[in-house]
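To keep things clear, I will list the structure first and then write my remarks on it.
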Amino acid sequence: MAAYTVDGYDKLIAGMVEPIVTQSVIINSGAAAVMERGTVLSRTGFAADGTWQCAIVNSAATPAAEKVPVAILADVEVDARTAAVRATAYVSGEFNRAALKFGGTDTIATHEAALNNGKIFTKRVVG
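Take the position in the sequence shown, starting the count at 1, then add 8; the result is the number in the working numbering.
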């Protein structure tokens, strides 16, 4: 009998009690680096079709919109250093707090309450 295995589990998803909801977003061009799955995003505006325009959340950023976390990058890797890129982001669900990535010197402690208020719940995962 075949054994059940999971290939490449990255430990980002931490539960299925809260529904996982995804949404198409646009990552703003000029990002300082390639963003990886688990990067926490802020909404900086809307495209003409209503798609969220996003950047990595950073409490030291200007404008203030870049300080508020609203989503978590679902794609494995997004390179928006030279052009805006469409991507998929989680806007609701349960996530491993240790797997989240932030801009600047931010940590989970900086944004955990705001994430939870936005139905992005963080959990401590053992193992």
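Each residue gets a CB set at the ideal place from its N, CA and C atoms; glycine is no exception.
Residue nearest to residue i in terms of C-alpha spacing, selected from the options
| i | options | result |
| --- | --- | --- |
| I128 | D114, V84, T113 and V78 | V78 |
| V65 | L49, P71 and I28 | L49 |
Rounded C-alpha distance that separates residue i from residue j
| i | j | result |
| --- | --- | --- |
| A40 | R89 | 6 Å |
| E44 | G38 | 15 Å |
| E85 | I116 | 21 Å |
| H119 | A56 | 29 Å |
Contacts around residue i, its chain only, beta-carbon distance under 8 Å, and the 5 residues preceding and following it disregarded
| i | result |
| --- | --- |
| V25 | E102 |
| T59 | S32, V33, I34 and R94 |
Beta-carbon gap between residue i and residue j smaller than 8 Å
| i | j | result |
| --- | --- | --- |
| A107 | G46 | yes |
| G53 | K131 | no |
| G111 | A69 | yes |
Other residues of its chain near residue i: CB distance less than 7 Å, five sequence neighbours each side excluded
| i | result |
| --- | --- |
| K19 | N104, A107 and V133 |
| S100 | E26, P27, I28, V29, K127 and I128 |
| E74 | S50, T52, A63, V65 and N66 |
For residue i: DSSP bridge partner residues
| i | result |
| --- | --- |
| G7 | As displayed, the chain neither begins before 9 nor continues past 135, which places residue 7 out of reach and without an answer. |
| V42 | For V42, which the question treats as bridged, DSSP gives no partner whatsoever. |
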